[in-house]
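What follows is one structure encoded as structure tokens, with my remarks underneath.
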Amino acid sequence: MKRTIYALCTVVCALFVMTSCSKSDDYKRFDIPEEAKAIISDKFLAEMEANGMTINEGMNPPDIQGIFDAGIFKLVYSNLEKEQKGIGSITSNYRFKFYDQQNIKIKTSYASDGNDIAIGQGSIISGSGNKFTAYLRVDGRVSLATYKTAIVISGEISSEGGKDFKLGICMIEKDDPKKNLMDIGTIRVWVDQDKFAPRKQKYPSGD
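So for the sequence shown, the working numbering puts the first residue at 15; every next one is plus one.
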């Protein structure tokens, strides 16, 4: 009898562990290159997608090379409690540059009003048809702190420009002795206000 009770307890404990693990790991698995998942995990992408970000899956992205003036973005999501009142706020004008594309690999740069330029060498893209999502890692430094953020850019490409550009940012790593930076896992999502990004000839500003 004791052996039977012990066996039943063992089975129940095992089921509890399996259930707990499945719940803690309960998020979407995206059909994107493994190189992109090395930049940002499925877990963080799932939170972005659930809150306004588009993730275009697939291993055959379009040619997205060019310069795009995406204009002003509106904040639609932040998982920081103190930023909830800022939902709906807008950014300055953004311009994106995609170049040296080789299938899923591409170089990416973006600038805000010609300043605040970020370059993500070795970016990865997913997608199919005319729709794409680009993933890039940006290293930064603020005072004594260093950090790594994942930038996710989605849209649809045409000969005239890009449509429905969206921008997601996630804090991935940090070395922050004075704890001045946002926490790891902090996510923000912005969308292009006018939903169209015309092609341009110059970067980071000009026509």
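Note that CB positions come from ideal geometry on N, CA and C, so glycine has one too. Computed from a predicted structure; not experimentally measured.
Rounded separation between residue i and residue j - CA only
{"i": "S34", "j": "D114", "result": "For S34, the pLDDT reaches just 37, beneath the cut-off of 50, and the residue's location in the model is therefore unreliable, leaving the point undetermined."}
{"i": "S106", "j": "A125", "result": "10 Å"}
{"i": "D206", "j": "I104", "result": "10 Å"}
{"i": "L89", "j": "G136", "result": "27 Å"}
{"i": "I171", "j": "Q116", "result": "17 Å"}
{"i": "W96", "j": "M196", "result": "Here residue 96 turns out to be Lys, not Trp, going by the sequence shown. Going by the C-alpha atoms only, they are around 11 Å apart."}
{"i": "K119", "j": "P75", "result": "10 Å"}
{"i": "S55", "j": "N93", "result": "17 Å"}
{"i": "C184", "j": "D221", "result": "31 Å"}
{"i": "L59", "j": "D127", "result": "27 Å"}
{"i": "I101", "j": "I201", "result": "13 Å"}
{"i": "I198", "j": "R109", "result": "26 Å"}
{"i": "K216", "j": "Q98", "result": "36 Å"}
{"i": "S219", "j": "L158", "result": "31 Å"}
{"i": "R43", "j": "K121", "result": "25 Å"}
{"i": "P47", "j": "K57", "result": "15 Å"}
{"i": "A142", "j": "V156", "result": "A small correction: the amino acid at residue 142 is Ser; Ala does not occupy that position in the sequence shown. Taking the straight line joining both Cα atoms gives about 37 Å."}
{"i": "K145", "j": "D40", "result": "27 Å"}
{"i": "V203", "j": "S173", "result": "26 Å"}
{"i": "F112", "j": "V166", "result": "13 Å"}
Span of the beta strand (DSSP E), counted from its first residue to its last, around residue i
{"i": "A159", "result": "A159 to I171"}
{"i": "D114", "result": "I104 to Q116"}
Residues sharing a beta bridge with residue i, DSSP
{"i": "T147", "result": "S140 and S168"}
{"i": "V90", "result": "Bridge partners of V90: none, in fact."}
{"i": "D83", "result": "R109"}
{"i": "I120", "result": "S137"}
{"i": "A211", "result": "G176"}
{"i": "I12", "result": "A question about residue 12 goes unanswered here, because the residues of the chain that appear run from 15 up to 221."}
{"i": "D153", "result": "K162"}
{"i": "S219", "result": "Beta-bridge pairing links S219 to no other residue."}
{"i": "M73", "result": "G141"}
{"i": "D206", "result": "F87"}
Endpoints, alpha helix (DSSP H) assigned at residue i
{"i": "A60", "result": "D56 to E63"}
{"i": "E187", "result": "Not the alpha helix (DSSP H): E187 falls in the beta strand (DSSP E), residues G175 to D189."}
{"i": "E49", "result": "E48 to K51"}
Residue j beta carbon less than 7 Å from that of residue i
{"i": "Y91", "j": "N70", "result": "no"}
{"i": "S140", "j": "G182", "result": "no"}
{"i": "I138", "j": "A50", "result": "yes"}
{"i": "A211", "j": "G176", "result": "yes"}
{"i": "I86", "j": "Y149", "result": "no"}
{"i": "S168", "j": "T147", "result": "yes"}
{"i": "K193", "j": "T68", "result": "no"}
{"i": "K209", "j": "D178", "result": "yes"}
Three or more beta-carbon pairs under 8 Å between the segment 150-164 and the segment 182-189, yes or no?
Output reads yes: the segment 182-189 touches the segment 150-164.
Contact between the segment 73-83 and the segment 52-65: three or more CB pairs below 8 Å?
Below 8 Å, too few C-beta pairs join the segment 73-83 and the segment 52-65 to call them touching: fewer than three.
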